[in-house]
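First the structure, in the form of structure tokens, and then the observations on it.
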Ligand code: LLP
């Protein structure tokens, strides 16, 4: 990845920071948009993955819309210049003030996740004197074959409305005069690497569209969410995810006539363009013989390993040594789970060396916290180096 090639230019910068490879992001955006164009698919960027303003500006320039999950994400997208008519807003628990703001903005669709949310939205829309475009987020009951912490579409999940509830309330929902229920939304989970899962998803979507139309709902568009995974193991092998293969699968299996098809990609857009660059503060060996590298980043900059047991490939980008050793890479936070990885094979490492924690562009900075009153990490963009 980029950091190894430009390591000498990174030395002396204040660590830890996120390094963004803007050229890789451009190529990724080019790839997703040209593959989508073939089928006239609409692509939204899931802003929760990373709301860095420089990344957002580029994403906007390539013509993607936004998928947001809170009023503040919606505001951030609007302030970054995204056309409201390309914005969708999902979220299992939207506050009244967030719904009011979304109503004012005239966005493409508010994706509603419960019957009660639809009732409340109808009332707030009436107060605002508007009729609001809405999609029903249906819980598809599907196993995405990913880390259980990030699946979202199984029957027991908190996300979406169950088939039964839609059935029980169909007539009532169709009578909500200030809502224009226009679409179907679902999202089955994240970091999906087995592409055949998307085939199963399409079969489910076909039957849900059928179900909703039989119940009397108009379904003008289907939004199938995001979820395409990236190669955390060896990012160099696949810096740009295979959007074309995913779209081909959807094209071959989704039977929704000439309805618009929307996607909401987060990780696959920005995951590989970001690396967390951190410096080794100290090295030491535990009484049990574990060789520790204590780095100046921690779970406050990148929580994925501590929260989900997620793997990120780590490389020492400044060591000139030939020999390798095995290390456990730990952060500075006062938590025993603040471990980036164990038994990592790295070039012999010393205080002051820089490590790159790769594939950290998605759900890295956006999930950073100020625990232990750490500063939030900075950002360095390849275009400026
Ligand atoms: N649409 C909806 C409704 C979502 O909930 C999500 C992600 C996406 C789209 C984008 O999914 P993606 O293309 O990035 O897979 N923090 C976790 C991931 C949580 C994903 C939440 N929802 C992680 O670090 O793995």
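Numbering (the working numbering), first residue to last: 16 to 400. Think of the CB as a built atom: it goes at the ideal place given N, C-alpha and C, for glycine as much as any other residue. Keep in mind the model is a prediction, meaning the values are calculated, not measured.
Less than 8 Å between the beta carbons of residue i and residue j, yes or no?
i, j, result
"residue 181", "residue 153", "yes"
"residue 166", "residue 204", "yes"
"residue 291", "residue 311", "no"
"residue 122", "residue 136", "no"
"residue 400", "residue 21", "yes"
"residue 245", "residue 283", "yes"
"residue 234", "residue 228", "yes"
"residue 217", "residue 269", "yes"
"residue 103", "residue 258", "no"
"residue 376", "residue 35", "yes"
"residue 145", "residue 176", "no"
"residue 341", "residue 306", "yes"
"residue 353", "residue 313", "yes"
"residue 77", "residue 39", "no"
"residue 6", "residue 299", "The displayed coordinates of the chain run from 16 to 400. Any statement about residue 6 would go beyond what the structure contains."
"residue 32", "residue 395", "yes"
"residue 213", "residue 264", "yes"
Compute the minimum distance between the beta carbon of residue i and the heavy atoms of ligand 1, and state whether it is under 7 Å.
i, result
"residue 282", "yes"
"residue 80", "no"
"residue 205", "yes"
"residue 202", "yes"
"residue 141", "no"
"residue 19", "no"
"residue 63", "yes"
"residue 380", "no"
"residue 323", "yes"
"residue 366", "no"
"residue 157", "no"
"residue 319", "yes"
"residue 209", "no"
"residue 383", "no"
"residue 105", "yes"
"residue 165", "yes"
"residue 150", "no"
"residue 279", "yes"
"residue 240", "yes"
"residue 73", "no"
"residue 70", "no"
"residue 233", "no"
"residue 377", "yes"
"residue 243", "yes"
Tell me whether residue i sits in a helix, a strand or coil according to DSSP, three-state version.
i, result
"residue 59", "strand"
"residue 197", "strand"
"residue 185", "helix"
"residue 236", "strand"
"residue 343", "strand"
"residue 252", "helix"
"residue 164", "helix"
"residue 152", "strand"
"residue 359", "strand"
"residue 348", "coil"
"residue 258", "helix"
"residue 296", "strand"
"residue 368", "coil"
"residue 96", "coil"
"residue 78", "coil"
"residue 277", "strand"
"residue 247", "coil"
"residue 174", "coil"
"residue 103", "strand"
"residue 35", "strand"
"residue 396", "strand"
"residue 284", "helix"
"residue 330", "strand"
"residue 290", "strand"
"residue 304", "coil"
"residue 124", "strand"
Quick one: measure Cβ to Cβ for residue i and residue j, integer angstroms, because I've assumed they're closer than 8 Å.
i, j, result
"residue 26", "residue 333", "7 Å"
"residue 373", "residue 330", "7 Å"
"residue 88", "residue 63", "6 Å"
"residue 231", "residue 280", "Actually they do not touch by this definition, with Cβ atoms about 32 Å apart."
"residue 289", "residue 393", "Not a contact, Cβ separation roughly 13 Å."
"residue 308", "residue 344", "5 Å"
"residue 75", "residue 95", "6 Å"
"residue 37", "residue 371", "About 16 Å; that fails the 8 Å criterion."
"residue 328", "residue 249", "7 Å"
"residue 10", "residue 237", "Since the first residue of the chain shown is 16 and the last is 400, residue 10 is not available in this structure."
Does the distance between the C-beta of residue i and the nearest non-hydrogen atom of ligand 3 fall short of 7 Å?
i, result
"residue 26", "This structure lacks ligand 3; its bound ligands are ligand 1."
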